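Peer 1: So the sequence lines, in the order shown, correspond to chains A and B. Mapped onto numbering that gives the first Met the number 0, the consecutive letters of the first sequence carry residue numbers 0 to 209. Mapped onto numbering that gives the first Met the number 0, the consecutive letters of the second sequence carry residue numbers 0 to 209. Note that beta-carbon positions come from the ideal geometry of N, C-alpha and C, so glycine has one too. The structure presented is a predicted model; accordingly, all values stated were derived computationally and were not measured. This is the structure I have questions about; it appears just below.
Protein chains: 2
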Amino acid sequence: MRISALAAEAGLPVATVKFYLRERLLHAGTATSATQAAYDESHVRRLRLVRALLGPVGLTVQQARTVLALVDEPGDDLYATLGRAVSALPPAAAPPGDASDPFPRARAALDTLGQVYDPDFPAVAQLEGALAAAESAGMPISAERLAHYGRVLSDVAEFDLARMPGEPHAAVEYTVLGTALYEPVMLALRRLAHQDAAVRRLRGDPPPVE
Amino acid sequence: MRISALAAEAGLPVATVKFYLRERLLHAGTATSATQAAYDESHVRRLRLVRALLGPVGLTVQQARTVLALVDEPGDDLYATLGRAVSALPPAAAPPGDASDPFPRARAALDTLGQVYDPDFPAVAQLEGALAAAESAGMPISAERLAHYGRVLSDVAEFDLARMPGEPHAAVEYTVLGTALYEPVMLALRRLAHQDAAVRRLRGDPPPVE
DNA sequence: ATGATTGGATAGTGCTACTCTCCAATATTA
DNA sequence: TAATATTGGAGAGTAGCACTATCCAATCAT
């Protein structure tokens, strides 16, 4: 398969495929001569993945390159790789503040939830940023709400983790893509659940008992 | 308070404040002469809100203007306003497909969950896009996972809705800002719950019983 | 053998969120 | 009062990003 066939298969301009090759989002084809290379099914799949990451998921080319590199080559330490890969996904994390207590809001939150607080987890910075944003916009998150969200999302995490493949390569792909692709699904479901609940209430259905 | 004091208070360059004025993200001050205007505490608060929307939440100027306009002036139909405001938030929705069944994946999903399917809910298009992205990237969402996420997020929706203020103005602000600002918190909590669960397992703690 | 296609490199485009520069009118300060 | 600084307002400029277009010599396809 030559580049024009590959581009047609993926529904992309040839120039864009060349761009992804240059940016190392797509592996090179096998050269058959000085000015020709052959592409196969793996390139088609990869292009679909790249489009998903750059489009709906909303990664930058830089972020996508990082994520794809980790999926391609998970290192020896699986959990470190998972952490690094997930932290390459948006949203951007908050920069650490005061050295003695860089993420005070996140620390307090995790204490409340009874979860491990480790400032080296990239998601801690992300939580700090999100809590700080809510606070600075004048809508701080109550402890009650935090506790509720935390309970619910631990539930989701257990579900996801129970389905993680054992093989490292597959585990990284599952975790990264699961995070990148399923998070938007969760958000859409939350919004729809809001609508659904609101409509039921408008119709006069009683709110569900606790 | 003059513009330079306002900018200093908010920690922004004067040029940026002027830019927000021009873009109608910030209401004008009260003119005290041809070349002077006075700003007050409401401008400081608004700037904080604008920064939160443009920064951590990741809205474009256009989207922020739409959201802020609806917060400022909720119309008569509260639920329509809520829908319009929330649909101005990212991520972008999928364009409708075939006219007879524009969002097949979302329809099937909502049927499974026993929720109302109304193609006019903007979040339906968003769900369709997210499901399509997962599918095209080679990680379609199983019915089991969908059911689980749906259950969990209905729980969140009930919690949120129970705390929505009754007064329209406040309700729009609560819903829009709650969606924009709390969603990142939820995502960070999910990632942390994953880490927490993974760490516990590494330590040899038994997985929780169902 | 002749026109199309290729990989590769360089430059250009369109968009966005600022940021800079100017200006005449007005404040502030010496 | 005179010199200096600041203001609101408008237009142009900038930097970053994801492409997209153009060139080129080498090589295919017919």
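Could you tell me whether the Cβ atoms of Ala68 (chain B) and Leu52 (chain B) are closer together than 8 Å?
Peer 2: Residue 68 (chain B) sits at position 69 when you count from the first residue of the second sequence. Residue 52 (chain B) sits at position 53 when you count from the first residue of the second sequence. No, the Cβ-Cβ distance between Ala68 (chain B) and Leu52 (chain B) is not below 8 Å.
Peer 1: Could you tell me which uninterrupted alpha helix (DSSP H) segments, each at least 4 residues in length, are contained entirely in the region 108–168 of chain B, listed from first to last along the chain?
Peer 2: Counting only runs of 4 or more, we get 121–135 and 142–161.
Peer 1: Within 10 angstroms of the Cβ of His193 (chain A), are there 16 or more other Cβ atoms? Answer buried if so, exposed if not.
Peer 2: Here residue 193 (chain A) is taken as the residue at index 194 of the first sequence, counted from 1. Buried: at least 16 other Cβ atoms inside 10 Å.
Peer 1: Quick check: what's the CA-CA separation for Glu209 (chain B) versus Lys17 (chain B)?
Peer 2: Working through the second sequence from its first residue, we reach residue 209 (chain B) at position 210. Working through the second sequence from its first residue, we reach residue 17 (chain B) at position 18. The predicted position of Glu209 (chain B) is uncertain, since its pLDDT is 44 and thus under 50; a value taken from the coordinates is nonetheless stated next. Using only the alpha carbons, I get a separation of about 56 Å.
Peer 1: Glu40 (chain B) versus chain A: which residues are under 8 Å apart at the beta carbon?
Peer 2: Counting from one through the second sequence, the residue named residue 40 (chain B) turns up at place 41. Those do not exist, as Glu40 (chain B) stays about 12 Å from chain A at its closest Cβ, beyond 8 Å.
Peer 1: Name the two residues that bound the continuous alpha helix (DSSP H) containing Ser32 (chain A).
Peer 2: The count along the first sequence starts at 1 and reaches residue 32 (chain A) at position 33. Run containing Ser32 (chain A): none in the alpha helix (DSSP H); it sits in the beta strand (DSSP E), Thr29 to Ser32.
Peer 1: Opposite Gln35 (chain B) in the DSSP bridges: which residues?
Peer 2: Translated into the one-based positions of the second sequence, residue 35 (chain B) becomes position 36. B:Ser32, per the DSSP bridge assignment.
Peer 1: Are the CB atoms of Pro167 (chain A) and Pro55 (chain A) nearer to each other than 8 Å?
Peer 2: Here the question's residue 167 (chain A) lines up with position 168 in the first sequence. Here the question's residue 55 (chain A) lines up with position 56 in the first sequence. Not closer than 8 Å, so no.
Peer 1: Compute the Euclidean distance between the alpha carbons of Leu219 (chain A) and Leu77 (chain B), then round it to the nearest angstrom.
Peer 2: Outside the shown range of chain A (0 to 209) lies residue 219 (chain A), about which nothing can therefore be said.
Peer 1: Using a Cβ-Cβ distance cut-off of 8 Å, determine whether Val16 (chain A) contacts chain B.
Peer 2: For the purposes of this step, residue 16 (chain A) is identified with residue 17 of the first sequence, where counting begins at 1. For Val16 (chain A), the answer is no, since every Cβ of chain B falls outside 8 Å of its Cβ.
Peer 1: Which residues in chain A have a C-beta closer than 8 Å to the C-beta of Gln125 (chain B)? List them in chain order.
Peer 2: The residue given as residue 125 (chain B) occupies position 126 in the second sequence. Per Cβ cutoff of 8 Å: Pro183, Leu186, Ala187 and Arg190.
Peer 1: Would you grab the beta carbon distance between Val175 (chain A) and Val66 (chain A) for me? Rounded to a whole angstrom, and I think it's under 8 Å.
Peer 2: Walking along the first sequence from the start, residue 175 (chain A) turns up at place 176. Walking along the first sequence from the start, residue 66 (chain A) turns up at place 67. Contact flag correct, Cβ pair sits at about 6 Å.
Peer 1: Does the separation of the CB atoms of Gln114 (chain B) and Asp154 (chain A) fall below 8 Å?
Peer 2: Within the second sequence, numbered from 1, the residue matching residue 114 (chain B) stands at position 115. Within the first sequence, numbered from 1, the residue matching residue 154 (chain A) stands at position 155. Result no, Cβ atoms of Gln114 (chain B) and Asp154 (chain A) do not sit closer than 8 Å.
Peer 1: Report the residue from A:Glu143, A:Pro139, A:Phe158 and A:Ala27 whose alpha carbon sits nearest the alpha carbon of Glu143 (chain B).
Peer 2: Counting from one through the second sequence, the residue named residue 143 (chain B) turns up at place 144. Out of A:Glu143, A:Pro139, A:Phe158 and A:Ala27, A:Phe158 has the C-alpha closest to the C-alpha of Glu143 (chain B).
Peer 1: Would Ala92 (chain B) pass as a contact of Gln125 (chain B) if the rule is Cβ separation under 8 Å?
Peer 2: If you number the second sequence from 1, residue 92 (chain B) lands on position 93. If you number the second sequence from 1, residue 125 (chain B) lands on position 126. Contact flag set, yes.
Peer 1: Inspect the beta-carbon positions of Ala161 (chain A) and Glu127 (chain A) and report whether they are closer than 8 Å.
Peer 2: To locate residue 161 (chain A), count along the first sequence from 1; it is residue 162. To locate residue 127 (chain A), count along the first sequence from 1; it is residue 128. Cβ distance not < 8 Å, so Ala161 (chain A) and Glu127 (chain A) don't count as in contact.
Peer 1: Compare the Cα-Cα distances from Tyr38 (chain B) to each of B:Arg23, B:Ala146, B:Pro101 and B:Ala6 and report the closest residue.
Peer 2: If you number the second sequence from 1, residue 38 (chain B) lands on position 39. Checked all of B:Arg23, B:Ala146, B:Pro101 and B:Ala6; the closest Cα to Tyr38 (chain B) is B:Ala6.
Peer 1: In whole angstroms, what separates the C-alpha of Pro164 (chain B) from that of Gly177 (chain B)?
Peer 2: For the purposes of this step, residue 164 (chain B) is taken as residue 165 along the second sequence, with counting starting at 1. For the purposes of this step, residue 177 (chain B) is taken as residue 178 along the second sequence, with counting starting at 1. Rounded to the nearest angstrom, the two C-alpha atoms are 12 Å apart.
Peer 1: Answer yes or no: does any C-beta atom of chain A fall closer than 8 Å to that of Arg44 (chain B)?
Peer 2: For the purposes of this step, residue 44 (chain B) is taken as the residue at position 45 of the second sequence. By this cut-off, Arg44 (chain B) is an interface position.
Peer 1: For the region 132–145 of chain B, enumerate the residues whose C-beta is nearer than 7 Å to any C-beta of chain A, in chain order.
Peer 2: From the region 132–145 of chain B, only Ala132, Ala133, Ser135, Ala136, Gly137, Met138 and Ile140 have a Cβ closer than 7 Å to chain A.
Peer 1: What whole-angstrom Cβ distance do Leu188 (chain A) and Gly149 (chain B) have, given they're in contact under 8 Å?
Peer 2: Your numbering for residue 188 (chain A) matches position 189 in the first sequence. Your numbering for residue 149 (chain B) matches position 150 in the second sequence. Confirmed, about 6 Å.
Peer 1: Measuring alpha carbon to alpha carbon, tell me which of B:Glu22, B:Ala36 and B:Arg21 ends up nearest Gly28 (chain B).
Peer 2: Indexing the second sequence from 1 puts residue 28 (chain B) at position 29. Comparing Cα-Cα distances from Gly28 (chain B) to each of B:Glu22, B:Ala36 and B:Arg21, the minimum goes to B:Ala36.
Peer 1: Suppose you measure from the CA of Pro121 (chain B) to the CA of His147 (chain B); what does that come to, to the nearest Å?
Peer 2: Numbered from 1 along the second sequence, position 122 holds the residue referred to as residue 121 (chain B). Numbered from 1 along the second sequence, position 148 holds the residue referred to as residue 147 (chain B). Taking the straight line joining both Cα atoms gives about 22 Å.
Peer 1: Quick one: list the residues of chain A neighbouring His147 (chain B), beta-carbon separation under 7 Å, in chain order.
Peer 2: As a first step, residue 147 (chain B) is located in the second sequence; it is residue number 148 there, counting from the start. Those are Phe158, listed as they occur along chain A.
Peer 1: Can you give the Cα-Cα distance for Ala130 (chain A) and Leu109 (chain B), rounded to whole angstroms?
Peer 2: The count along the first sequence starts at 1 and reaches residue 130 (chain A) at position 131. The count along the second sequence starts at 1 and reaches residue 109 (chain B) at position 110. Per the sequence presented here, residue 130 (chain A) reads as Leu, with Ala not at that position. Cα-Cα distance, rounded: 31 Å.
Peer 1: Report the rounded CA-to-CA distance for Tyr181 (chain A) versus His42 (chain B), giving the unit in angstroms.
Peer 2: As a working mapping, residue 181 (chain A) is identified with position 182 in the first sequence. As a working mapping, residue 42 (chain B) is identified with position 43 in the second sequence. Computed Cα separation, rounded: 38 Å.
Peer 1: DSSP on Phe102 (chain B), reduced to helix/strand/coil?
Peer 2: Counted from its first residue, the second sequence places residue 102 (chain B) at position 103. Of the three classes helix, strand and coil, the one that applies to Phe102 (chain B) here is coil, per DSSP.
Peer 1: Just mark Ala4 (chain B) as buried or exposed, buried being the case when its beta carbon has 16 or more other beta carbons within 10 Å.
Peer 2: The residue given as residue 4 (chain B) occupies position 5 in the second sequence. Burial call: exposed.
Peer 1: Which one of A:Met0, A:Leu191 and A:Asp75 has the shortest CA to CA distance from Leu112 (chain B)?
Peer 2: Position 113 of the second sequence, counting from 1, holds the residue named residue 112 (chain B). Nearest C-alpha to Leu112 (chain B): A:Leu191.
Peer 1: Determine the DSSP secondary structure at Leu0 (chain B), reduced to helix, strand or coil.
Peer 2: Position 1 of the second sequence, counted from the start, is the residue given in the question as residue 0 (chain B). Per the sequence shown, residue 0 (chain B) should be read as Met rather than Leu. DSSP places Met0 (chain B) in coil when its eight states are reduced to three.
Peer 1: Report yes if the CB atom of Ala84 (chain B) is closer than 8 Å to the CB atom of Val171 (chain B), and no otherwise.
Peer 2: Residue 84 (chain B) sits at position 85 when you count from the first residue of the second sequence. Residue 171 (chain B) sits at position 172 when you count from the first residue of the second sequence. Contact: yes.
Peer 1: Between which two residues does the alpha helix (DSSP H) containing Gly82 (chain A) stretch?
Peer 2: Within the first sequence, residue 82 (chain A) is the residue found at index 83, counting from 1. Here the alpha helix (DSSP H) through Gly82 (chain A) covers Leu77 to Ser86.
Peer 1: If we call anything under 8 Å between Cβ atoms a contact, is Arg1 (chain A) one with His26 (chain A)?
Peer 2: By 1-based counting over the first sequence, the position of residue 1 (chain A) is 2. By 1-based counting over the first sequence, the position of residue 26 (chain A) is 27. It is not a contact, given that the beta carbons lie outside the stated cut-off.
Peer 1: Could you check where the alpha helix (DSSP H) with Arg44 (chain A) kicks off and where it finishes?
Peer 2: Taking the first sequence and counting its residues from 1, the one referred to as residue 44 (chain A) is at position 45. Here the alpha helix (DSSP H) through Arg44 (chain A) covers Glu40 to Leu53.
Peer 1: Mind listing the chain B neighbours of Thr178 (chain A)? Cutoff is C-beta to C-beta under 9 Å, in chain order.
Peer 2: The residue you call residue 178 (chain A) lines up with position 179 of the first sequence. Those within 9 Å of Thr178 (chain A) in chain B are Leu186, Arg189, Arg190 and His193.
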